[in-house]
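Here the structure comes first, spelled out in structure tokens, and everything after it is commentary.
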Amino acid sequence: MNRFLSPALLLIGVMLLVPGCVTRKAFDQLETRYDALTQERDALQTQVEKLQIERDSFEDLYVEAQESYEDERVARTSLATDLTQLEQEATQLDRDLDAERLARLEAAQALAAREAEIAAMQSTYDELVADLESEVSAGQIEIERLREGLRLNVSDDVLFASGSAELDQVGRDVLVKVARQLKELTDRIEVRGHTDDRAIRGALAKQFPTNWELAAARAGRVVRLLEEQGVSGRRMQVVSVGPNEPVAPNDSPENRARNRRIEIRLQPAKGAAKGGG
């Protein structure tokens, strides 16, 4: 503000130092001018102070606005992160629900398939028992339900002559009845040959050196007849067990006769049901 007052003060000072040069009127004008400049200075000073206060206030508001903006930015970032996490969790939940629904559907389908297998196997069991009633009653055939399928045990004495792997007529008739039921199924069929523990001797040993060969030959002959009667060969396999799975101790002729047998196992294939084989 001094730059506004210095010329006036200088002029007044000069006029006071030079007597007679300044009239009263001029002095009054200068004094009035001085007062006006003083008031202007004070007004400007007040305005400057006010502007400084406003500036400081605006600076405070700016700082607060910056802080508020930063807080909001952090909050928005956090909210976006939370939203992304929620979306990921929702996506994972949808996947889990889809997986659970699929698992339940598969379990229901598996249960339905299992129930169908059980029903089909029960039907097969009932039909076999009815068709082979006389043989079952005579103890020549045993039909047993297993956890997975059925098992038929047919005495070798019904099927084969002693020491032979050729079916006799009675054996053929029995197997024809069995084939009539098996060809209507899609079950896998395993034909297992069993013998007693007596070693093969004499001329027979040239054809069947051990019980393994005899059991395999007899099981193979049964499979051939079943195939001739319409049972699909793709569903069947031959297993020679020899003397290794006896159902009774080999300590009597009766027990050895029980151990000499053909075992036919039925195991459900996937989607097994009655139908052409």
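For the sequence shown, this note's numbering gives the first residue as 9, with consecutive numbering after it.
Cβ coordinates follow ideal geometry from the N, Cα and C atoms, glycine included.
**Message:** For G250 and L222, I'd like the C-alpha separation in whole angstroms.
**Reply:** In this structure, the CA atom of G250 is about 8 Å from the CA atom of L222.
**Message:** Considering only the alpha carbon of each residue, which of L274, V184 and T194 lies closest to R232?
**Reply:** Looking at the Cα atoms, V184 is the closest of the given residues.
**Item:** For S172, the nearest candidate out of G210, H202, V144 and A225 (CA to CA)
**Value:** It is A225.
**Request:** Would you kindly check if the distance between the Cβ of D204 and the Cβ of A277 is under 9 Å?
**Result:** Cβ distance not < 9 Å, so A277 and D204 don't count as in contact.
**Message:** Could you compute how far the alpha carbon of N267 sits from the alpha carbon of E123?
**Reply:** Distance between the alpha carbons of N267 and E123: 33 Å.
**Distance between R206 and P261 (C-alpha atoms, nearest Å)** = Taking the straight line from one Cα to the other gives about 11 Å.
**Asked** With burial defined as no fewer than 16 other Cβ atoms inside 10 Å of the residue's Cβ, what is the status of R209: buried or exposed?
**Response** A residue is called buried when at least 16 other Cβ atoms come within 10 angstroms of its Cβ; R209 does not meet this threshold and is exposed.
**Message:** Could you tell me which whole beta strand (DSSP E) segments of length 3 or greater appear in the stretch 202–259?
**Reply:** Secondary structure in the stretch 202–259: the beta strand (DSSP E) runs of 3 residues or longer, each lying completely within the stretch, are 244–250 in chain order.
**Request:** Examine the Cβ distances between the stretch 137–149 and the stretch 177–192 and report whether three or more of them are shorter than 8 Å.
**Result:** Counting Cβ pairs under 8 Å, three or more are found: they touch.
**Neighbourhood of G228 by C-beta distance below 6 Å, restricted to the same chain and skipping five residues each side** = Sequence-distant Cβ neighbours of G228 in its own chain, meaning closer than 6 Å and more than five residues away, are V246.
**Message:** Among D164, I197 and S170, whose alpha-carbon lies nearest the alpha-carbon of V182?
**Reply:** Among D164, I197 and S170, the Cα nearest to that of V182 belongs to D164.
**Item:** T257 versus R269: straight-line alpha-carbon distance, rounded
**Value:** The amino acid occupying residue 257 in the given sequence is Pro; Thr does not appear at that position. CA-to-CA, the gap between P257 and R269 works out to about 14 Å.
**Request:** Rounded to whole angstroms, what's the CA-CA distance from R273 to T218? Just pull it up for me.
**Result:** Approximately 24 Å between the Cα atoms of the pair.
**Asked** What separation, rounded to the nearest whole angstrom, lies between the Cα atoms of K214 and A116?
**Response** Taking the straight line joining both Cα atoms gives about 56 Å.
**Message:** I believe V199 touches M244 by the beta-carbon criterion, under 8 Å. Please report the beta-carbon distance rounded to the nearest angstrom.
**Reply:** With 8 Å as the limit, V199 and M244 qualify as a contact, their Cβ atoms being about 6 Å apart.
**Request:** Rank D43, Q93, E114 and W220 by C-alpha distance to the C-alpha of E253 and give the top, closest one.
**Result:** From the listed residues D43, Q93, E114 and W220, the smallest Cα separation to E253 is found for W220.
**Prompt:** By a C-beta neighbour count over all protein chains shown, 10 Å radius and 16 as the cutoff for buried, is F216 buried or exposed?
**Reply:** Label assigned to F216: buried.
**Message:** Going by DSSP, what residue range makes up the alpha helix (DSSP H) through L136?
**Reply:** The continuous alpha helix (DSSP H) containing L136 extends over residues R32 to D139.
**Message:** Using the three-state DSSP reduction, which class does Q275 fall into: helix, strand or coil?
**Reply:** Reduced to three states, the DSSP call for Q275 is strand.
**Prompt:** Per DSSP, what kind of secondary structure is E174 in: helix, strand or coil?
**Reply:** When DSSP states are grouped into helix, strand and coil, E174 belongs to the coil group.
**Message:** Quick check on E156: does DSSP put it in helix, strand or coil?
**Reply:** Coil.
**Prompt:** I think S1 touches G201, with their Cβ atoms under 8 Å apart; what is that distance to the nearest whole Å?
**Reply:** Given a span of 9 to 285 for the chain in the structure shown, any question on residue 1 remains unanswerable.
**Message:** Going by DSSP, what residue range makes up the alpha helix (DSSP H) through E262?
**Reply:** It spans P261 to N267 - the alpha helix (DSSP H) in which E262 sits, taken as one unbroken run.
**Item:** Helix, strand or coil at E306 [DSSP, three-state]
**Value:** Since the first residue of the chain shown is 9 and the last is 285, residue 306 is not available in this structure.
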